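The structure under discussion appears below in the form of C-alpha cells.
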Amino acid sequence: MSLPFLIEAPIALLPTLAFLFLLDRLDSFRLVSVRAAVIALAAGGALAAAAYFLNAQAMDLTGLAIGPYTRYGAPVVEEALKAGVMIVLFARARIGFLIDAAIMGFALGAGFALLENLYYLASFPDANVGTWIVRGFGTAMMHGGATAIFGVLAQSWTERHTKFEPALYLPGFLAAVSVHSLFNHLLGLPMLATGVMLLLVPAILFGVFAKSEHRIHNWLIRDHADHERLLASMSIEFAHSEAGRFVSEIADKFEGTHAADIYAYMRLHAELVLRAEEFLLAREAGTKPQVTHVDRERFRELHELERKIGRTALLALWPHLHYSRQELAELYELESRTHRA
C-alpha cells in the first residue's frame, strides 16, 4: 500500500463520516442509534452497486452520451434508489422527526458515496489529490445532503398523514434530484462544485437542527401530557364512553376478539409511549436512562395482545386509534433498546 494511497483514501472517505458523526452529536435526543446509522451506510453502499448497473442500462436505453446522462439521467436514477429506501423507513415508522430524517438520509447517501469512492480509489490509483478532495468533500457531501434533504421534506409533508400518499414524497424527490443535478452541472468547475456543496448542505441541515430541537421538545411535552390524560380517562367508565362503545363494536365484529384485550392493548400502548418519551426527554437533559426487565415484559405483553386481538381486528382498529408516526418511531427505538440491553 503506497504512501499516496494512505493520504488520498482518508480524503476521499472520511469527510462525510466526520459530518455524519457531527450530526449525531448535535442530536441531543439521540434519535438514531449507531446500529441504525451503520445499517443505513451499508444500505447506501448496496444502492451504489445497484446504481452502477442501472446507470449503464439506462444509458443504453436512452442513447444519451455520458455528459448529458451525468447531468440529467444519473441524478434521477440514483436519487430514486435512495428515496425508495427512505420511503420504506417512513412507511415502517422507523423515522418520526425531522432530525432523524436528516441523519438517516445523510447516512444512506454517505454510504452510497463511500462505495463509489472506494471503487474510484481502486480504479484510478494515479488520480491526484485534487480529485479526492472533490470526491470526498464534494461528491460525497452532495450524495449525503441530497438524501437528507429528501428525508427532511418528506417528513415535513407526510408527518400528519397516516396513509401512504406517493405524491407527498415528490417535492423531496425533486429537491434531491435538483441538488444532485446542480452538482453534476458544475463538474467542469470541480472546486466550485465542491464549494457549493460545502456551503449548501451544512447550512440547510444545521438550519433544520436549530429549528427542530425546540419543536421536538415541545411536541414531546404536549404528547406526554395527552397520553397521561388518556390513561387517566381509561377508567371503569371508559367502556361506557363513545370510544369504549366503538371498541366493543369492533370486538363483536371479529370472532375471538374481546373488548377487554383491546382496552388492555390501548392502555399498554399509551404506557409505553409515555416511557419512550420519558427516555427522549431524559437524553435531552443529558442523562442516560436504562431499559429494565419491566420494559421488555411490557413489549412482550403488547405483542401477545396483538396476537390475541388478531391482525384483521387490529387493521380495522388502527385508523381510529390515531397513533402518529412519531409515537410509533419512539416505540420502535425503545423496543430496539430492550433487545440490545
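Quick note on my numbering: the sequence shown kicks off at 13 and runs consecutively. C-beta atoms are modelled at their ideal positions from N, C-alpha and C, and glycine is treated no differently. Here the structure is a predicted model, which means the values were calculated and not measured.
Practice item. Take I51 as the anchor and find which of H281, H192, V141 and G121 has the nearest alpha-carbon. Key: G121
Review point. Using the C-alpha atoms, what's the distance from A86 back to R42?
Key: 34 Å
Review point. Counting pairs of Cβ atoms below 8 Å between the region 179-192 and the region 229-245, do you hit three or more?
Key: no
Exercise for review: State whether the region 71-87 contacts the region 15-31, with contact taken as three or more CB pairs (one from each stretch) at a distance under 8 Å.
Suggested key: no
Point to revise | Coil, strand or helix - E177 by DSSP | key: coil
**Study point:** Sequence-distant residues of the same chain with beta carbon closer than 7 Å to F266, five excluded per side
**Key:** G322, T324 and A325
Point to revise | Option in F221, V220 and T151 with minimal Cα separation from L201 | key: T151
Point to revise | Contact under 9 Å by Cβ, R337 with I161 | key: no
Practice item. Assign Q167 to one of three DSSP states: helix, strand, or coil. Key: helix
Review point. Looking at the unbroken alpha helix (DSSP H) that takes in N129, where does it start and where does it end?
Key: L110 to S135
Check your understanding: Which residue comes first and which comes last in the alpha helix (DSSP H) that contains D235?
Key -> P202 to S245
Check your understanding: Would you call the CB atoms of V285 and E342 closer than 9 Å?
Key -> yes
Practice item. Would you check if the region 133-142 and the region 87-104 touch, i.e. whether three or more CB-CB distances between them fall below 8 Å? Key: no
Review point. Nearest-angstrom Cα distance between Y344 and A77?
Key: 46 Å
Point to revise | From H226, E339 and D307, residue whose alpha carbon lies closest to that of H351 | key: D307
**Study point:** Nearest-angstrom Cα separation, counted from V164 out to M13
**Key:** With a pLDDT of 49 at M13, under the threshold of 50, the predicted position of this residue should be treated as unreliable, though the coordinate-derived value follows. Taking the straight line joining both Cα atoms gives about 40 Å.
**Study point:** Separation of L329 from A30, as counted between CA atoms
**Key:** 44 Å
Check your understanding: So what does DSSP say about R42, is it helix, strand or coil?
Key -> coil
Review point. Between the beta-carbon of G156 and the beta-carbon of V213, is there less than 9 Å?
Key: yes
Review point. Which stretch, first to last residue, makes up the alpha helix (DSSP H) that contains E289?
Key: A271 to E296
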